[in-house]
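The opening residue of the sequence shown carries number 5 in our numbering; numbering runs sequentially from there. Using N, Cα and C, we set each Cβ at its ideal position, and we do this for glycine too.
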Amino acid sequence: MSAESLESLTAKDVVVPAMEAKVTTVQRSESTVGQSPAAVYVITGEMIRRSGVRSLPDALRLAPGVNVARANSNRWAISIRGFNNVYANKLLVQIDGRTVYSPLFSGVRWDHQDVLLEDIERIEVIRGPGAAVWGASAVNGIINIITKKARDTQGVFLEGGGGTEERGFGGFRYGGALGEALHYRVYGLLFERDRGLAAENPGDNWRKRQLGFRMDWEPTEERRLTFQGDFYQGHSGQRFDGAVPTPPFFQQGVHKDEEPSGSNLLLRWSRRLSDESDWSVQLYYDLVGRSGPDVGFSHSYATFDLDFQHRFPLAPCHSLTWGFGYRNTRDRIDGIFLVSVDPAVRSYGLISYFVQDQVTLRPRRLFLTLGSKFEHNDFSGFEFQPTARLLWTPSPRATLWASVSRAVRTPSRFDQDFRLVSAPVDMSFAPPRVTFMRFDGSRAVESEQLLAYEIGARAQSSDAFWWDLAVFFNRFEELVASVPATPAPPPPAFPPAFWPMVATNAMHGETYGFELAATWQVHPQWKLHGGYSFLKMHLHARPEALASAEANEGKSPGNQAYLQSSWDLGDHWQLDLIGRYVDNLPALAVPSYLVMDVRLAWLPSESLEMAVVGRHLLDSAHPEFATPAFHPSEVEAEVYGVIGWRH
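Pasting the structure below:
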């Protein structure tokens, strides 16, 4: 963009989209940030490009209130409003409407998820429950990654680069058209990333390759058919400590190289009947595999999902949205001594129905949204997840909103069917009489429950400044923890004995806090994005629960802050600086850290871009998370270069 075109943009041209940015996740219909009765933030494709990040988890660091912690080179702990863990299970993640969480633990395997970052249109981040329209798992938040339409990705795009930690990466995309109505694109990506820093080789290097396509057929403005798919294969290295059934009964530093793979196909047909009425139907099939040839543990699952929704005016002041869905998953898990599952093969289904009414209490000023999701699943039976949301827009530049919602996190295969053997806990006997701690799932585990209260405000205080504030109080019941099984086991004997712990709903608690975000267009060529979040957790476990409340509280930072500065230096140069502060994690002995990312880009023409990026600067390395499941590693400062070409 030339200096003249930059100067022609007024501050209003740049800031108004913060209030008027399109969102579809909050109420399953097209709206704007300013008209959304929820804590919503939009990460744009331009923000991702200017940040210089190379992965989806790193892109999520740009949103306030999202806790992103890298445990090693290929594993992340990502959550919203607490309960962070590598196996975090209270966050719903979608890519173009396809739910990507693993039914094995109700969380996301982030080394399975990727898109060509150039193709991202926006990432909608909803902080707080959205279960009334999206169902179980949308407990503490929703992340919806939305890619561009095929007609917006025409032509050729090529990129490549590498550096100190990013050993090499590349991507391509080609978009074309067959007539005026049918547009398509194909893409591919690959990368190899170095292992993290640890006292001994953590073995956590990561490589992946992925291919995908998308076709959009739009015979008229009212009708659209989308067909898309992805195919990927990777390698994720690990080292872990684990129990073995023979002497010495415990091994340290075992290499556990895993091979994530998968493919998916999605078909969506949508029809707009009028400005106030539309419907859509979506089908997808998702096949996911993860093998561990070095240790023998592997699993796979196949998911079929059907979703339908319809929006229409019920009355002059009522806009009704309703829909239904069906999902079936079949998995197979081949266990080992350390971790196993019974039964090894299981099929389970989910039937859901939702209805939501947006009532206009005062035209263009006051709106009330009432709705609920009704589900029946094979783990916990019937679930009811209602919400009530009030939105007041005293002016086009200001929004006030409040909500009360109920959400549940249904049990997973891990909660009900898994068996995990830990390190020996009783070494006072001779080795043949050692005792292992064993964690068992239970079919008696019920859904975790949340009752959430939220209030928020956002405003465009001037043509150049926009801010957003959300405050929340959450009350959790029936949280899952492990307690000693009864009756107590007999004394250890040969072969090794087990001291069983069983999963049950043994904890409750409260979380509260707030998130603040702001954008300031300082100058037509200089923009600032900033955010701060505060979180406090008070959990209460039964005395016999092994996982103490303090341990669960201390895995999420109490304070997070970031500031992104994007500066256009004349016609052809861009300078971007990002500072991030994350509080300490006392339960994991992870200290607080302050880092800076720097991107310097040269754009000699509209088609060519070259950039040098430095990330995690200000320190040579720092830890972000730790877990006993595998050897963690520190995140190292890195520098890499990238070249992109569009035609």
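Below 8 Å on the Cβ atoms is my contact criterion, and I expect residue i with residue j to pass it. Report the Cβ-Cβ distance as a whole number of Å.
| i | j | result |
| --- | --- | --- |
| ARG85 | PHE476 | 7 Å |
| GLU75 | PRO636 | Before going on, a small fix: residue 75 reads as Ala here, not Glu. Rounded, the Cβ-Cβ distance is 5 Å, consistent with contact. |
| GLU642 | THR36 | GLU642 to THR36, Cβ: 37 Å. No contact. |
| LEU162 | ILE52 | The pair is not a contact, with the Cβ atoms about 18 Å apart (cut-off 8 Å). |
| ALA142 | LEU96 | 4 Å |
| ALA42 | SER376 | Incorrect: roughly 16 Å between the Cβ atoms, too far for contact. |
| VAL70 | TRP80 | VAL70 to TRP80, Cβ: 11 Å. No contact. |
| LEU483 | MET441 | The Cβ separation is near 21 Å, so there is no contact. |
| ALA140 | GLU481 | About 15 Å separates the two Cβ atoms, so there is no contact after all. |
| LEU604 | GLU613 | That pair is no contact at about 11 Å. |
| PRO264 | HIS116 | 5 Å |
| SER33 | THR325 | 6 Å |
| VAL617 | HIS626 | Going by Cβ atoms, the distance from VAL617 to HIS626 rounds to 18 Å, so no, they are not a contact pair. |
| ALA522 | TRP571 | Actually they are not in contact, since the Cβ atoms of ALA522 and TRP571 sit about 17 Å apart, beyond 8 Å. |
| TYR305 | ARG334 | 7 Å |
| ALA652 | GLY132 | The shown model of the chain, from 5 to 651, leaves out residue 652, and the question about it has no answer. |
May I ask which residues mark the beginning and end of the alpha helix (DSSP H) holding residue i?
| i | result |
| --- | --- |
| TRP138 | 135-138 |
| PHE418 | 417-421 |
| ALA553 | 553-557 |
Using three-state DSSP, classify residue i as helix, strand or coil.
| i | result |
| --- | --- |
| ASP580 | strand |
| GLY56 | coil |
| GLU24 | helix |
| GLN464 | strand |
| ILE647 | strand |
| GLU122 | helix |
| ASP156 | helix |
| HIS314 | strand |
| ALA392 | strand |
| HIS116 | helix |
| LEU64 | helix |
| VAL343 | strand |
| PRO590 | helix |
| VAL506 | strand |
| GLN214 | strand |
| GLY38 | helix |
Which residues mark the beginning and the end of the beta strand (DSSP E) in which residue i is found?
| i | result |
| --- | --- |
| ARG442 | 439-444 |
| ILE1 | Residue numbering for the chain in the displayed model covers 5 to 651; residue 1 lies beyond these limits and cannot be assessed. |
| ARG447 | No beta strand (DSSP E) holds ARG447; DSSP gives it neither H nor E. |
| ILE355 | 349-366 |
| THR333 | 322-338 |
| TYR236 | 227-240 |
| PHE469 | 469-488 |
| TYR45 | 43-48 |
| THR414 | Here THR414 belongs to no beta strand (DSSP E), and DSSP marks it neither H nor E. |
| PRO107 | Here PRO107 belongs to no beta strand (DSSP E), and DSSP marks it neither H nor E. |
| ASN563 | 563-573 |
| GLU613 | 612-621 |
With distances taken from CA atoms, which of the options is nearest residue i?
| i | options | result |
| --- | --- | --- |
| LEU543 | TYR566, TRP571 and ASN509 | ASN509 |
| ARG199 | TYR188, ALA348 and GLY241 | GLY241 |
| ASN93 | SER106, ASP100, VAL57 and THR397 | SER106 |
| TYR357 | GLY296, ASP311 and ALA593 | ASP311 |
| ARG189 | GLY460, GLN232 and ALA22 | GLN232 |
| GLN420 | SER83, VAL30 and LEU108 | LEU108 |
| ILE127 | THR28, SER537, TYR516 and THR307 | THR28 |
| GLY175 | PRO528, HIS187 and LEU193 | LEU193 |
| GLY266 | THR157, THR103 and GLY238 | GLY238 |
| GLU387 | GLY49, LEU404, ARG413 and VAL408 | ARG413 |
| ARG102 | ARG275, ILE147, PRO398 and SER77 | ILE147 |
| ASP234 | GLU610, HIS187 and VAL292 | VAL292 |
| ALA22 | ASP580, SER465 and HIS527 | SER465 |
| LEU454 | LEU394, GLU184, GLY145 and ASP382 | GLY145 |
| GLY56 | HIS651, SER416 and TYR644 | TYR644 |
| PHE538 | ASN332, ASN588, ALA489 and GLU262 | ASN588 |
| ASP382 | ASP623, ASN332 and ARG462 | ASN332 |
| GLY534 | ILE582, VAL104 and GLY562 | ILE582 |
| HIS314 | GLN31, VAL599, SER624 and PRO632 | GLN31 |
Against chain D, does residue i count as a neighbour if the rule is that its beta carbon must be under 8 Å from one of theirs?
| i | result |
| --- | --- |
| PHE308 | The structure shown has no chain D; it contains just one protein chain. |
Touch test, the segment 216-232 against the segment 143-163, Cβ-Cβ under 8 Å, three pairs minimum: The segment 216-232 is in contact with the segment 143-163.
Flag this pair as touching only if the segment 335-349 and the segment 362-382 have three or more C-beta atom pairs under 8 Å; answer yes or no. As far as the Cβ criterion goes, the segment 335-349 does not touch the segment 362-382, which means the pair count is below three.
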